[in-house]
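Numbering (my numbering), first residue to last: 355 to 580.
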């Protein structure tokens, strides 16, 4: 299945309109993609330890076989051939948990993703009956809205510190993940697509044994969305 790909991916820190209305002088602006700093620099955001960021991932995969149904399988994510795809339009609300202190701390992450990749990040990408496959309507086949991360991190000051994660989160297995900014390549190998889970529901606890070694134990419902 010969194919080639063209990709555009940028960190989106604001809409161009927002930047056009920004009162900052040109020399203080880092470009159109740095506008979410206007939100992240708000006093109440800093006081709460919150930050937001977003991204977009789009591209075209060319398949010389020109499949009639447009299916570029058996790959997933970039599975639509010879057509432009908005793979991911994502945003995250994050509070990093403080793991270096001597007191309890709570953080977490909420990730929203829209696009053709989102259906692979729902609880069951092939089951329309699940609630997260109906967030924008069950009739839409290729473009979905997913919530792949929705978890809390709780730091407990025991020994060198225990960090417990509870909720839905991406697996710690493997090199790649379902979020475009965290991956090096546009496409994914079959080992990622079919050989490991994407996300989990459950709980994990991590303890730093050494500066370069930590141990993670947990109980999860198994691999979801692969």
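Just so it is clear, CB atoms sit at the ideal spot from N, CA and C, and this is done for glycine as well.
- Going by DSSP, residue 555 is part of the beta strand (DSSP E) stretching over 553-564.
- Look at the region 431-516 and you find no whole run of alpha helix (DSSP H) that is 4 residues long or longer.
- Distance from residue 537 to residue 522 at the Cβ level is roughly 19 Å; contact not present, criterion being Cβ atoms closer than 8 Å.
- Taking a cut-off of 8 Å on C-beta distances, the region 452-464 does not touch the region 425-435, as fewer than three cross pairs fall below it.
- For the pair residue 469 and residue 441, the CB atoms are nearer than the 8 Å cut-off.
- DSSP places residue 525 in no alpha helix (DSSP H); its state is neither H nor E.
- For the pair residue 555 and residue 534, the Cα-to-Cα distance works out to about 21 Å.
- Boundaries cannot be given for residue 418, as no alpha helix (DSSP H) includes it and DSSP labels it neither H nor E.
- Excluding residues up to 5 positions away in sequence, 556, 557 lie with their Cβ nearer than 7 Å to the Cβ of residue 573 in the same chain.
- Taking a C-beta distance under 8 Å as the contact criterion, residue 524 and residue 552 qualify as a contact pair.
- Nearest Cα to residue 571 within the set 559, 517, 459: 559.
- DSSP links residue 425 through a beta bridge to 434.
- Annotation for residue 570: the continuous beta strand (DSSP E) segment containing it runs 567-574.
- Taking the Cα of residue 520 as reference, the smallest distance to any Cα among 531, 408, 513, 508 is reached at 508.
- Here residue 499 is near residue 466, since their CB atoms are less than 8 Å apart.
- Spatial neighbours of residue 459 in its own chain (CB-CB distance under 6 Å, excluding positions within 5 residues in sequence) are listed in chain order as 451, 452, 509.
- Within the DSSP secondary-structure output, residue 404 pairs in a beta bridge with 449.
- Non-local beta-carbon contacts of residue 528 in its own chain, meaning distances under 7 Å to residues more than five positions away in sequence, involve 546, 550 in chain order.
- Per the DSSP secondary-structure output, residue 518 pairs in a beta bridge with 508, 559.
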